[in-house]
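Protein chains in written order, with my numbering: chain A, 888 to 1121; chain B, 16 to 240; chain C, 155 to 383.
From the three backbone atoms N, C-alpha and C, an ideal C-beta is built for every residue, glycine too.
In this text, all values refer to a predicted model and were calculated from it rather than measured experimentally.
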Amino acid sequence: MNQIEKTKTRLMGLEYAALAVVALLMAYALWWVFIGVPNERVMGPVQRIFYFHVGSAIACYCSVATVLAGSLAFLATRKRIFDVASEAAAEVGLVFATVVMLSGMIWARPIWNTWFHWEPRLLSFLCLWLVFLSLILLRRFGDQERTPAHCAVLGVVAAITVPIVVYSIQLLPQFAQLHPQVVGRRGLREDSFRWAFGITTFALICFQFFLVYVRARIGWVSIRVKMASNDAMV
Amino acid sequence: MLDVSNISYQYPTVPVLSSCSLSIGRAETCLLLGANGSGKSTLLGLVAGLKRPSTGCVKIDGKLSSHVRFGGHELMLYGQFTVEENLSLFVALYGLAPQSAVESLELWGLAAYRHRRVNDLSKGNRARVSLARAFLGSGSVILLDEPTAALDDAGTRILCGAVERERSNGSACLIATHDLARLLPIATRVIVLKDGAVLADSRADEVEGSAGIQRVVEQYRELNR
Amino acid sequence: MRRAVGQFLSVFLSMGALELRVRETLAVMLSLAIIIAVVVAFGVTTVFLDPAGREKLFPAAIWICFILNAAVSLGRSFEYETEHRLLDGLLLAGVAPASIFISKALVNFVVLSVAHLTGVVALGMLLGVSIAAQSTDFIIISVLVVLAYSALATLVAALTTGSRLRNALLPIILLPLVLPLFFCGVELTTQLALGESFSLGGAWGQMLIGLAVLYVGLGALLFESVVRE
């Protein structure tokens, strides 16, 4: 067995180990969310969606950070691997932003009696969702010869703008602040709530990075395949 | 004077140049030959600094970033401006005397078209304006990408004259072309590219001078057969 | 240094001359400013028949007009500079990418300002609202918003120029990113319209100044990566 194949086998082993860890974490988190914590007093069982909702939101911000880091690294080094990573983070970010929006809507329907409310944090995530979408659209429909550099530039601009968007939305007149100010204010007084929240968030962040890794690996392999087939044609 | 070392470049998924190296000295006129897609234009774009290499570097007089003169497939002009306005703009950008624009117009036989918009010119005249722009400035390395493709014989004579004049001033000229018939007479060296790497170089051969050029040209013709 | 300034002026004047010659962006923007103003005014007057209601909606209406108009009309911003790859020629002549960016952003700023002014006048007339009393403050706000907007839009327009979707892609990418700018414009103008004391020292004012500086800076820094392959 040569060196490359040895490295490949070791990498495969690491990937399976990571998959196992993420799967166990998610299962543990699921157990806590559905069995470990009692029903919330006012909202009842529907409150359990909170753990996925907020956890996904935090994972989503991790995606933004990954897009920023990948884009900056690509602009500095021009290594395709960073471009692939930021592409993966943008796609996974879009998925998590969708989860946040949908879980928020499912939660809002029984509690606020509305699917979507004109409310700062909902609005922020709608914007974040649109920003991820624009990153993907530019990659798909942009100038094909310059896609990596262009996407990196937009990645930097978008990632810097996201916190400003979130901040500016919170500055808006708070006529419609329905969102519970949970952590650090009054909610989550029960220890089991806090533990479930912590473990779910941690699991979702790990899951997010694992998905980014898998998507990046697919992106990398597909580039190699395209290059090999272009080579073969020559 | 011009040193390209181990340069590689790839479009998102298409490798174009792989570890290509060459160096060109003072007062050389070097023809760059090669089939379509062999990497000629990409190499010139990299030397001009319009593209960034994935590996390797380009040095001119030992320095990494230095301005070269470049006439490519594209005009690099405002299509909506007249010939004179375009040349005046570049004369101003290069910090030359305003008179240079008029001189350049006359040199390239464009005086009659000076007030025409570039987009209204014929293909041949557009090529002349583009070359007139390329020869402005003071970079000691001149890169031309298929300069004779749209030129008539009179235009080619003007071009050859301009290249010879620059060579006598010590400039190095690298010309990517398929037009051996019209450009071989002014060449002092010939390089053939194949699949993004140097296949043959008249100076690297044991036989130097015109015999070397002859041999490399034969090799190139053999490739095309 | 003197050469760089000279180059910047040459590039800026040539881009300005081009805009004056083809008048495409200007024509599209002015027509759109009036058309959008008519549509918005129609919508507003149908819903709010009383003048007080219209006055309240006026600040939002002018910035909606501006944002939409600018996002649609700047899609062809780099059309003529990329037609024959003029930008490569400028880079070869030693012009700094930041100079090219600032020249184009300034030209867009001038064009957008004219369009914005047209939109404000048209909407004011159609809705019967006037902010002439606070015109100085309004001009300060407008200059800052339009400046920040032109910088960001110029950078994004450069990204979408080579796209197959072109004009359609610019609004899709730009609109989510300009929301903070939009909020700044609406909030500050509302303060003016309500006769509240206005200062750039407040949260919105500071954010507006910060955004203008940020977008001009980001554009100047990142433009090289856009134009050099």
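- [ ] Report yes or no: is there a C-beta of chain A within less than 8 Å of the C-beta of Phe255(C)?
- [x] If you number the third sequence from 1, residue 255(C) lands on position 101. Taking Cβ atoms only, chain A never reaches closer than 8 Å to Phe255(C), which makes this a no.
Task: Residue from Leu281(C), Ala302(C), Ala286(C) and Leu277(C) whose Cα sits closest to the Cα of Gly207(C) - done: In the third sequence, residue 207(C) corresponds to position 53, counting from 1. With distances taken between Cα atoms, Gly207(C) lies closest to Leu281(C).
TODO: Check whether the Cβ atoms of Thr1034(A) and Ile945(A) sit closer than 8 Å, and answer yes or no.
DONE: Position 147 of the first sequence holds residue 1034(A). Position 58 of the first sequence holds residue 945(A). Contact: no.
Open item on the list: At the 8 Å Cβ level, is Ala63(B) part of the contact set with chain C, yes or no?
Closed with: For this step, residue 63(B) is matched to residue 48 along the second sequence. So yes, Ala63(B) belongs to the interface.
TODO: Anything in chain C within Cβ reach of Gln95(B), meaning under 7 Å, just list it in chain order.
DONE: By 1-based counting over the second sequence, the position of residue 95(B) is 80. Here the neighbours are Leu172, Arg175, Val176 and Tyr234.
Task: Val159(C), buried or exposed, once every other Cβ within 10 Å from all chains shown has been counted against 16 - done: Stepping through the third sequence from its first residue, residue 159(C) is reached at position 5. Classification for Val159(C): exposed.
Open item on the list: Please classify His1037(A) as buried or exposed, where buried requires at least 16 neighbouring CB atoms within 10 angstroms.
Closed with: Counting from 1 along the first sequence, the entry for residue 1037(A) is found at position 150. That one is buried.
- [ ] Return the first residue and the last residue of the beta strand (DSSP E) that Arg240(B) is part of.
- [x] Position 225 of the second sequence, counted from the first residue, corresponds to residue 240(B). First-last for Arg240(B): undefined, no H or E at that position.
Task: Rounded separation between Gly152(B) and Arg132(B) - CA only - done: Walking along the second sequence from the start, residue 152(B) turns up at place 137. Walking along the second sequence from the start, residue 132(B) turns up at place 117. If you take the alpha carbons of Gly152(B) and Arg132(B), they lie about 22 Å apart.
Task: At least three beta-carbon pairs within less than 8 Å, the region 135-154 of chain B to the region 74-90 of chain B - done: yes
TODO: Measure from the C-beta of Thr57(B) to each C-beta in chain A and report whether the shortest distance is under 8 Å.
DONE: Counting from one through the second sequence, the residue named residue 57(B) turns up at place 42. So no, Thr57(B) is outside the interface.
- [ ] Could you say if the region 122-139 of chain B and the region 27-44 of chain B meet the contact criterion of at least three C-beta pairs nearer than 8 Å?
- [x] no
- [ ] Given a cut-off of 8 Å, decide if Pro213(C) and Thr344(C) are closer than it, judged by their beta-carbon atoms.
- [x] Translated into positions along the third sequence, residue 344(C) becomes position 190. Translated into positions along the third sequence, residue 213(C) becomes position 59. In contact: Thr344(C) and Pro213(C) (Cβ atoms closer than 8 Å).
- [ ] Can you give me the start and stop residues for the beta strand (DSSP E) that Asp216(B) sits inside?
- [x] Here residue 216(B) refers to the residue found at position 201 of the second sequence. Note, Asp216(B): beta strand (DSSP E), Ala212 to Asp216.
Open item on the list: Do Ala347(C) and Gly273(C) count as a contact pair if the criterion is CB distance below 8 Å?
Closed with: On the third sequence, position 119 is the one that residue 273(C) refers to. On the third sequence, position 193 is the one that residue 347(C) refers to. Cβ distance not < 8 Å, so Gly273(C) and Ala347(C) don't count as in contact.
- [ ] Within the same chain, show all residues whose beta-carbon is closer than 8 Å to that of Arg1073(A), passing over the 5 residues directly before and after it, in chain order.
- [x] Looking up residue 1073(A) in the first sequence gives position 186. Caution applies to Arg1073(A), whose pLDDT of 49 falls short of 50 and renders its modelled position unreliable; the value that the coordinates give is listed next. Around Arg1073(A): no qualifying Cβ.
- [ ] State the DSSP-derived secondary structure class of Asp1030(A), mapped to helix, strand or coil.
- [x] For the purposes of this step, residue 1030(A) is identified with residue 143 of the first sequence, where counting begins at 1. DSSP places Asp1030(A) in coil when its eight states are reduced to three.
Open item on the list: Could you compute how far the alpha carbon of Asn184(B) sits from the alpha carbon of Asp18(B)?
Closed with: For the purposes of this step, residue 184(B) is taken as the residue at position 169 of the second sequence. For the purposes of this step, residue 18(B) is taken as the residue at position 3 of the second sequence. Cα-Cα distance, rounded: 19 Å.
Open item on the list: By the three-class DSSP mapping on this structure, what secondary structure does Lys209(B) have?
Closed with: Mapped onto the second sequence, residue 209(B) falls at position 194. In the three-state scheme derived from DSSP, where H, G and I count as helix and E and B as strand, Lys209(B) is classed as strand.
TODO: Please report the Cβ distance between Leu241(C) and Ile254(C), rounded to the nearest whole angstrom; I am assuming they are in contact, meaning their Cβ atoms lie under 8 Å.
DONE: On the third sequence, residue 241(C) is found 87 positions in, with the first residue counted as 1. On the third sequence, residue 254(C) is found 100 positions in, with the first residue counted as 1. With a beta-carbon spacing of about 6 Å, Leu241(C) and Ile254(C) fall inside the 8 Å limit used to define contacts.
- [ ] Would you verify that the beta carbon of Gly1071(A) is, or is not, closer than 8 Å to some beta carbon of chain C?
- [x] Taking the first sequence and counting its residues from 1, one reaches residue 1071(A) at position 184. Bear in mind that the predicted position of Gly1071(A) carries a pLDDT of just 42, short of 50, making it too unreliable to give a figure here.
- [ ] Ignore the nearest five residues each way along the sequence and tell me which others in Ala905(A)'s own chain have a CB closer than 7 Å to its CB.
- [x] Reading the first sequence from its first residue, position 18 is the one you call residue 905(A). The residues are Phe1097.
TODO: For Glu1032(A), return the contacting residues in chain B, with the cut-off set at a CB-CB distance below 8 Å.
DONE: Taking the first residue of the first sequence as 1, we reach residue 1032(A) at position 145. The answer, in chain order, is Tyr26 and Pro27.
Task: Distance between Gly356(C) and Ser56(B) (C-alpha atoms, nearest Å) - done: Start at 1 with the first residue of the second sequence, and residue 56(B) comes out as number 41. Start at 1 with the first residue of the third sequence, and residue 356(C) comes out as number 202. The alpha-carbon atoms of Ser56(B) and Gly356(C) are separated by roughly 55 Å.
Open item on the list: For Gln234(B) and Ile190(B), what's the separation of their Cα atoms in angstroms?
Closed with: Counting from 1 along the second sequence, the entry for residue 234(B) is found at position 219. Counting from 1 along the second sequence, the entry for residue 190(B) is found at position 175. Each residue's alpha carbon lies about 18 Å from the other.
TODO: Identify the continuous beta strand (DSSP E) that holds Thr44(B) and give its terminal residues.
DONE: Indexing the second sequence from 1 puts residue 44(B) at position 29. If you look at Thr44(B), you'll find it in the beta strand (DSSP E) that goes Thr44 to Leu48.
Task: Per DSSP, the bridge partner or partners of Cys35(B) - done: The residue labelled residue 35(B) in the question sits at position 20 within the second sequence. Bridge partners of Cys35(B): Ile22(B).
Open item on the list: Per the DSSP calculation, Asp160(B) is bridged to which residue(s)?
Closed with: In the second sequence, the residue the question calls residue 160(B) occupies position 145. Answer by DSSP bridge pairing, in chain order: Ala191(B).
Task: Residues of the region 67-78 of chain B with Cβ closer than 7 Å to any Cβ of chain C, in chain order - done: Arg67
Open item on the list: Rounded to whole angstroms, what is the Cα-Cα separation between Gln1095(A) and Ser34(B)?
Closed with: Counted from its first residue, the first sequence places residue 1095(A) at position 208. Counted from its first residue, the second sequence places residue 34(B) at position 19. If I take the Cα positions, the gap works out to 38 Å.
Open item on the list: Using DSSP's beta-bridge definition, name the partner residues of Cys72(B).
Closed with: Within the second sequence, numbered from 1, the residue matching residue 72(B) stands at position 57. Answer by DSSP bridge pairing, in chain order: Ser20(B).
Task: Local conformation of Phe85(B) per DSSP, three classes - done: Residue mapping note: residue 85(B) aligns to position 70 of the second sequence, counting from 1. Assignment of Phe85(B) by DSSP, reduced to helix, strand and coil, places it in the strand class.
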